[in-house]
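In what follows, a structure is listed as structure tokens, so that the remarks can point back to it.
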Amino acid sequence: MLQLIAGRAGSLVARRATLALTPSCARMASNAHRDVTSHEGTEAVDMSRPMYWDRLDTPLPDKLYKDKLSAADMSLKEKEKGPWSQLTNQEKIALYRLSFHQTYAEMNQPKSEWKTVVGGIFFFVGFTGLVVWWQRVFVYPPRPRTFDDEWQAKQIQRMLDMRINPIEGFSSKWDYEKGQWK
């Protein structure tokens, strides 16, 4: 009995680990055309069966785009076995669409993904600005009075009155007779 429970728990952990460790491109092969095994409400992709995906680096997927053909598709497949010069361009395109979902030109079209990235960057920069503003208003103490221009002017006057460093320093640059900087 204990072996049976341990075996079931082990298989559950193995299925979840396999699903978590498979590459996302293989897991998301095709929404409508994937082999899915359902166990206890979870979906797992059977990686032992061939799958379809549109990728530039693999021009020929493991299986065709459409598995289940309608009557019109079947007649078109029969017509395909004959000379291709008798096929119209629309029929050739329909035959291509039976095997592939997208063309290379469609896969190479620019995506609007950059808009999402720029929007995310602006969102986080704005959020950071709000955090900095909040900290400035509610977290940091008010500026000390020693930063005020009035206070600094009084401090400079006090240093001049005390004649701080009169030979090479601060007071040496002040003309005491005229009451201005040299």
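The sequence shown begins at 110 in my numbering and counts up by one.
Beta carbons: idealized from backbone N, C-alpha and C, even for Gly.
Here the structure is a predicted model, which is why all the values come from computation and not from measurement.
Collapsed DSSP secondary structure at Phe-279 in the structure displayed: coil
Own chain, CB closer than 6 Å to Tyr-213, minus 5 neighbours either side, in chain order: none
Close Cβ partners of Tyr-174 (< 8 Å) along its chain, the five nearest in sequence each way excluded: Ser-139, His-142, Tyr-161, Arg-206, Leu-207, Ser-208, Phe-209 and His-210
Distance between beta carbons of Leu-178 and Glu-200, contact taken as under 8 Å: Between Leu-178 and Glu-200 the Cβ distance is about 14 Å, and since that is not below 8 Å, they are no contact.
Buried or exposed by the 16-neighbour rule on C-beta atoms within 10 Å, applied to Ser-170: A quick correction: the sequence has Pro, not Ser, at residue 170. Under this definition Pro-170 is a buried residue.
N- and C-terminal bounds of the beta strand (DSSP E) containing Glu-152: 151 to 154
Backbone secondary structure at Trp-223 - three-state DSSP: helix
Residue from Trp-283, Leu-204 and Asn-198 whose Cα sits closest to the Cα of Glu-189: Leu-204
Cα-Cα separation, Met-183 to Gln-218: 31 Å
Span separating the alpha-carbon of Leu-196 from that of Phe-233: 55 Å
Span separating the alpha-carbon of Val-246 from that of Gly-235: 17 Å
Segments of 4+ residues assigned as alpha helix (DSSP H) that fall wholly inside the stretch 157 to 201: 180 to 189
Limits of the alpha helix (DSSP H) - the one that Lys-263 falls within: 258 to 270
Glu-259 versus Arg-252: straight-line alpha-carbon distance, rounded: 14 Å
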